[in-house]
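Asker: Start counting the sequence shown at 1; every next residue gets the next number (the UniProt record's numbering). Using N, Cα and C, we set each Cβ at its ideal position, and we do this for glycine too. Remember, predicted model here, so these are calculated numbers, not experimental data. Take a look at this one; I'll ask things after.
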Amino acid sequence: KDLHRSLRKLSLELVPWHTADPEDNRESIRVEDLQFIVDALLEEIENKEKNSQTPSLPTLFAIVSHFQKLFDVNSLNGVYPRMNEVYTKLGEMTNAMRNIHELLELDRSAPPTVVVDTVGKLCDIINENMTEQVQQLLGTQDIHSIIDKLEEHECFFPPFQALIQDLLCLLEISNLDDILPTVQNLK
1 KDLHRSLRKL SLELVPWHTA DPEDNRESIR VEDLQFIVDA LLEEIENKEK NSQTPSLPTL
61 FAIVSHFQKL FDVNSLNGVY PRMNEVYTKL GEMTNAMRNI HELLELDRSA PPTVVVDTVG
121 KLCDIINENM TEQVQQLLGT QDIHSIIDKL EEHECFFPPF QALIQDLLCL LEISNLDDIL
181 PTVQNLK
């Protein structure tokens, strides 16, 4: 009878969803009843082990420790905030990649390396185009022509600037626009 009571307690602890036997308070306990309780407990434990996706406590500690190392989290209290931060950043990156896929008209299954290569090619095309535009704007096709134009500027500009400064002093004016009217008034 004590063994039966102990098994019932254990059963209620381990598998509380099993209903209590209505004949629990009977006088005579059969060995078959005890065997049934033990078998039910064993079956429940075996099913739990087979179906359980819950990792052991050491495994959970190892996972948390690994996360802390990967994401530079010093304390256990920092794990959840960092998880949220990682989740948010991942969402942002996923959205950005989806948008870039659409803008570049790439297949959604294209890996990030394809996206990066495509963006690199676009940048190369844009840079080539910009170089051509700068060359057209400057009226030159090579770097030597640009250097020659800069040297011409360096030869011409300092004497011209000195001449203008002398005129401003001589005419006793301060504005470049006043030179021509002042000279005309001298006639």
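In terms of residue numbering, what span does the alpha helix (DSSP H) encompassing residue 166 cover?
Answerer: Where residue 166 is concerned, the enclosing alpha helix (DSSP H) stretches over 143-170.
Asker: Go ahead and pull the three-state DSSP assignment for residue 175.
Answerer: Residue state, collapsed to three classes: coil.
Asker: When the Cα of residue 9 is compared with those of 41, 28, 31, which residue comes out closest?
Answerer: Nearest C-alpha to residue 9: 41.
Asker: Could you please give the first and the last residue of the uninterrupted alpha helix (DSSP H) stretch that includes residue 5?
Answerer: Residues 2-14.
Asker: Please report how far the alpha carbon of residue 28 lies from the alpha carbon of residue 36, in whole angstroms.
Answerer: Answer to the nearest angstrom: the Cα atoms are 15 Å apart.
Asker: Tell me whether residue 73 is buried or exposed, calling it buried when 16 or more other Cβ atoms sit within 10 Å of its Cβ.
Answerer: So residue 73 counts as buried.
Asker: Do residue 116 and residue 97 come within 8 Å of each other at the CB atom, strictly closer than that value?
Answerer: Contact: no.
Asker: Out of 7, 59, 1, which has the shortest C-alpha to C-alpha gap to residue 39?
Answerer: Ranking the options by Cα distance to residue 39, first place goes to 7.
Asker: Would you please state the rounded distance, in angstroms, between the beta carbons of residue 34 and residue 4? I believe it to be under 8 Å.
Answerer: Sure, about 6 Å apart at Cβ, within 8 Å.
Asker: Contact defined as beta carbons within less than 8 Å: I believe residue 191 pairs with residue 86. What is the distance between those atoms, to the nearest angstrom?
Answerer: Residue 191 lies beyond the range of the chain shown here (1 to 187); nothing can be said about it.
Asker: Is it true that the CB of residue 164 sits closer than 8 Å to the CB of residue 171?
Answerer: The answer is no: Cβ separation not under 8 Å.
Asker: If you reduce the DSSP assignment to three classes, tell me which class residue 107 lands in.
Answerer: Three-state DSSP puts residue 107 in coil, outside helix and strand.
Asker: Specify, as a first and last residue, the run of the alpha helix (DSSP H) that residue 69 falls within.
Answerer: Per DSSP, residue 69 belongs to the alpha helix (DSSP H) from 57-70.
Asker: Going by the CB atoms, is the gap between residue 104 and residue 94 shorter than 8 Å?
Answerer: Result no, Cβ atoms of residue 94 and residue 104 do not sit closer than 8 Å.
Asker: Which whole-angstrom value is the C-beta distance of residue 167 and residue 174, which I expect to be below 8 Å?
Answerer: In fact, because the Cβ distance is near 11 Å, the residues do not count as touching under 8 Å.
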